[in-house]
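Report on one structure; see the data block that follows.
In our numbering, the protein residues as written are 150 to 468.
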């Protein structure tokens, strides 16, 4: 049996899942985290390597000639030098879909927090403010009903479509813009061009990949084309946003709320301009992380290696 090494297994499995099925396929070593200076040492002699966010460079691959397979424990695979892996005959796989439902659900976790500020009002009750109130109820923020509001989806892949289904149950009108309009399911949303999406959305939710073309695509120019008091939700990639422009739009009142589960640099840096912004919610990249979602990821990761060993590789990203 070959040697399997998981470089950074803690995020995928902090202890509530089992590596047993993967261990059935080879001699398994799981490291919770791997720093750059330990990378080559830990990959030495390995046949099959799994990484979540640890970068595997050409130099690392050249130093570890036994590697035959790299499994990325995520959908994105930019942490692996794909060209070098292909040159060396190394198969690289990813997990193409596992968190569709959990991420779509999280879009509405963020949006409903903006609509009702549940945590804030619960804390206010615990602080005694309801007991001291002259009225039978109170609220500190404007409360928002979603019915008849327009949700714009920028990107309409699996997660965008799942988000559209939830929005429909709230009575929202759903618009969608996607760079590949032929792939759109027109039963779930009305297809529009980008200008109409920006102009008509009360809530804009981002669901496109980060590419050189989409890097910083939400910026001062695109924000200016939106409604005043627009709510923007980002569960996609932090790099889609020009964070300084977003801070300016929040400070100026153009954007009513910005809620994001991701930032350009992760973990977030102390000088991120959004940290000091009012009407801004930032969560630490957890939309993908419910146990059910991570179990699907684990199952696919095991199946990727099992199919590779059977000579029928699946989910290959460097073919």
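C-beta: ideal position from N, C-alpha, C; glycine also.
Under the three-state DSSP convention, the category residue i falls into
i           : result
residue 220 : strand
residue 444 : helix
residue 411 : coil
residue 286 : coil
residue 185 : helix
residue 541 : The question about residue 541 has no answer, for the chain in this structure spans 150 to 468.
residue 208 : helix
residue 317 : helix
residue 252 : helix
residue 453 : helix
residue 270 : helix
Nearest-angstrom Cα separation, counted from residue j out to residue i
i           : j           : result
residue 396 : residue 232 : 37 angstroms
residue 270 : residue 195 : 53 angstroms
residue 224 : residue 244 : 5 angstroms
residue 428 : residue 457 : 48 angstroms
residue 309 : residue 437 : 14 angstroms
residue 402 : residue 300 : 20 angstroms
residue 181 : residue 242 : 20 angstroms
Cβ of residue i within 7 angstroms of any chain B Cβ
i           : result
residue 363 : The structure shown contains no chain B, having only a single protein chain.
Distance CB(residue i)-CB(residue j) smaller than 7 angstroms
i           : j           : result
residue 246 : residue 307 : yes
residue 155 : residue 197 : no
residue 218 : residue 240 : yes
residue 205 : residue 221 : no
residue 375 : residue 304 : no
residue 368 : residue 391 : yes
residue 393 : residue 416 : no
residue 355 : residue 389 : yes
residue 210 : residue 454 : no
residue 451 : residue 171 : yes
residue 386 : residue 424 : no
residue 160 : residue 201 : yes
Touching by the beta-carbon criterion (3+ pairs, under 8 angstroms), the region 407-414 and the region 368-385: Yes: the two stretches touch, three or more of their Cβ pairs being nearer than 8 angstroms.
Sufficient close CB pairs (3 or more, under 8 angstroms) joining the region 257-270 to the region 427-434: Taking a contact to require three or more Cβ pairs closer than 8 angstroms, the region 257-270 and the region 427-434 qualify as touching.
Cβ pair count under 8 angstroms reaching 3, the region 315-322 against the region 275-282: With the cut-off at 8 angstroms, the region 315-322 and the region 275-282 do not touch.
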